[in-house]
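Notes to accompany the following structure.
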Amino acid sequence: MGRIPAEVQESFSEEQLSCLKVALGARSWGTHAIDWRGTLKFMRHRYYVVFLLGRNRRELSRAEQQVGLFMQAAFLTIFLTFSILTGLLTLYLAKSAAGINLIPGFSLGIWGWFKDAFL
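Residue numbering for the sequence shown is 255 to 373, as defined by our numbering.
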């Protein structure tokens, strides 16, 4: 309100002023987890830099929802694949350490590499 000329400020009714305060005071976009603002001087000019990071509180469009679901599915697929492969490797190493040979004369070479590298 400090930027509005005094004669314009005085022209507002109490109801208009209270509505303006509610509208301007209810900014949900004003708070961020990370809010870094700075300036850079380059030659004769100064440039401002703003880095904001926080939770998205907006309603997502249909396209944004689809991209979000795709990213969640991709992350879940990668995580599950990594977890399953790690579990299978652990089981294979435990089997090899116990001396269990499922196919006589055949080895993937993982146990030999593991023994040389870590044991």
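For each residue, glycine too, the CB sits at the ideal point set by N, CA and C.
Check, Outcome
"For residue 289, write down the residues that DSSP places opposite it in a beta bridge.", "306"
"In this structure, what does DSSP give as the bridge partners for residue 301?", "294"
"Counting pairs of Cβ atoms below 8 Å between the stretch 358-367 and the stretch 331-348, do you hit three or more?", "yes"
"Does the structure place the stretch 284-291 close enough to the stretch 303-312 that three or more beta carbon pairs sit under 8 Å?", "yes"
"Would you grab the beta carbon distance between residue 314 and residue 322 for me? Rounded to a whole angstrom, and I think it's under 8 Å.", "7 Å"
"Pull up the distance between the alpha-carbon of residue 310 and that of residue 297, whole angstroms please.", "36 Å"
"Measuring only the C-alpha atoms, how far is residue 300 from residue 260?", "32 Å"
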